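Here is the structure we will look at, set down as structure tokens.
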Amino acid sequence: MKIIGLIIAVLTGALLIYGTVDFPGWADPASPASTHLSPHFIEKTMEETSVPNIVTAVLADYRSYDTMFETTVIFSGGVVCFILLRIFRRKEPEDRLYRHVLTGATIRVKEGGKIPPDSDDFERIDTLWTPHDLIIKTVCRLLIPFIQLFGLYVIAHGHHSPGGGFQGGVILGASIMLLAISQDLRTAVQRMREKVDALLSPTGVFIYAGTGALCLLLGLNFMDYSALASVLYVDPVTARSHGILIVEIGVGVAVMATIIWIYNNLSSAGKYDEGL
Amino acid sequence: MIWQLDLAILTLVVIAGIGAITVKDLLGAAILFGAYSFMMCLLWSIMGAVDVSFTEASVGAGASTVFFVAAVFRTTRRTKD
């Protein structure tokens, strides 16, 4: 069986390498992409959309169907992780452990026992609980605001520099993942509830598709942001630039929520307990 | 494009890729995938595709490595084959 697999893999690889012979040479000025598309994007992007970063304009304006369904794929990935992994326990375990944060004492609450009052002094822990490292906790607490600020900058500055909604969303999601790793999943889930994740990820997709549909309602093609000129009170070229920003925000929101959602389900095997 | 740097990074990409599929320890494979992604990110930026390189750094080397580690932590660290 192993030999057959090897033969198939080698044959497929050889066929793929044989297929690359037909490719145009690297940076060949006579290739079809360089004769029609690239010159148009390089010469016309600035006057058509007033976006200096051509990659952003191509991703979110000229090829916006592609990006819209990419966002949908990410949302579907999050939903699939949720459906496959999430476990809803109807019954709470009999004994629950609570830790008094100030003294470090752990108390065990038997079934039917009185739960500590809902204050910040007690935190729920599992039997596998290990103490947080003070250095890691403090450094991450200092770092996370700056990471989030950088994520917002990447989304907002995508017109002028590398980056955009996708990268900024991943950075924003990674800051919450860092919180979950440096402390525990319960702390992170308290900051970003499961319902918020589940609501924000379709909201991002909705912002994207809704912007496109709004252009359709205003009388132009789907995703032709120059239709937004009458709503935003700007000229059509600036409207395309603003449309790209709105769409990037949608992508960022969807990606951030989905990344956190997948991490929560994956690291706790769907139980939403202590996490990694 | 400096060809010595290019060659060194390409060699590391191949080594990390082969290592990731041969190593028995799945946690090691996850980390090797992270290294592979990071080297690919360097390659993209050498070729001038800064946006792709940024995505590769944040998604490939950052988020997906954490997902791999989380999955290994919740399942088993040893491969069966």
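For the protein sequence lines, the chains are A and B, in the order given.
Each residue of the first sequence is one higher than the one before, starting from 205 at the first, in our numbering.
Each residue of the second sequence is one higher than the one before, starting from 830 at the first, in our numbering.
No residue lacks a Cβ here, since even glycine has one placed at the ideal position from N, Cα and C.
Just so it is clear, the structure is predicted and the values come from calculations on it, not from any experiment.
With C-beta atoms as the reference, is residue i less than 8 Å away from residue j?
i: residue 275(A); j: residue 458(A); result: yes
i: residue 301(A); j: residue 331(A); result: yes
i: residue 362(A); j: residue 452(A); result: yes
i: residue 249(A); j: residue 261(A); result: yes
i: residue 373(A); j: residue 460(A); result: yes
i: residue 415(A); j: residue 377(A); result: no
i: residue 853(B); j: residue 904(B); result: no
i: residue 255(A); j: residue 445(A); result: yes
i: residue 882(B); j: residue 874(B); result: yes
i: residue 369(A); j: residue 454(A); result: yes
i: residue 409(A); j: residue 279(A); result: yes
i: residue 846(B); j: residue 866(B); result: no
i: residue 424(A); j: residue 431(A); result: yes
i: residue 898(B); j: residue 856(B); result: yes
i: residue 434(A); j: residue 422(A); result: yes
i: residue 393(A); j: residue 476(A); result: yes
Within 10 Å of its beta-carbon, does residue i have 16 or more other beta-carbons around it, so buried, or fewer, so exposed?
i: residue 463(A); result: buried
i: residue 523(A); result: With chain A running from 205 to 480 in the structure shown, residue 523(A) is simply not present.
i: residue 504(A); result: Summary: the structure shown does not reach residue 504(A), with chain A confined to residues 205 through 480, and so no result is reported for it.
i: residue 449(A); result: buried
i: residue 469(A); result: buried
i: residue 837(B); result: exposed
i: residue 493(A); result: Residue numbering for chain A in the displayed model covers 205 to 480; residue 493(A) lies beyond these limits and cannot be assessed.
i: residue 223(A); result: exposed
Name the DSSP bridge partner or partners of residue i?
i: residue 326(A); result: 304(A)
i: residue 258(A); result: Bridge partners of residue 258(A): none, in fact.
i: residue 907(B); result: 854(B)
i: residue 311(A); result: 302(A)
Pick from the options: whose alpha carbon is nearest that of residue i?
i: residue 305(A); options: 267(A), 470(A), 287(A), 328(A); result: 328(A)
i: residue 384(A); options: 408(A), 345(A), 410(A), 364(A); result: 345(A)
i: residue 842(B); options: 898(B), 864(B), 885(B); result: 864(B)
i: residue 379(A); options: 207(A), 395(A), 325(A); result: 395(A)
i: residue 474(A); options: 205(A), 283(A), 313(A); result: 283(A)
i: residue 358(A); options: 441(A), 432(A), 456(A), 388(A); result: 456(A)
i: residue 177(A); options: 465(A), 277(A), 269(A); result: There is simply no residue 177(A) to check, as chain A begins at 205 and stops at 480 in what is shown.
i: residue 375(A); options: 884(B), 880(B), 878(B); result: 884(B)
i: residue 402(A); options: 205(A), 224(A), 286(A); result: 286(A)
Is residue i near the ligand MG, in the sense that its beta carbon is under 7 Å from a heavy atom of that ligand?
i: residue 306(A); result: Judged by which ligands are present, the structure shown has none, so any question about the ligand MG falls away.
Using a beta-carbon distance below 8 Å, is residue i in contact with chain D?
i: residue 862(B); result: No chain D is present in this structure, whose protein chains are A and B.
Beta strand (DSSP E) runs contained entirely in the region 347 to 391 of chain A, provided each spans 3 or more residues: none
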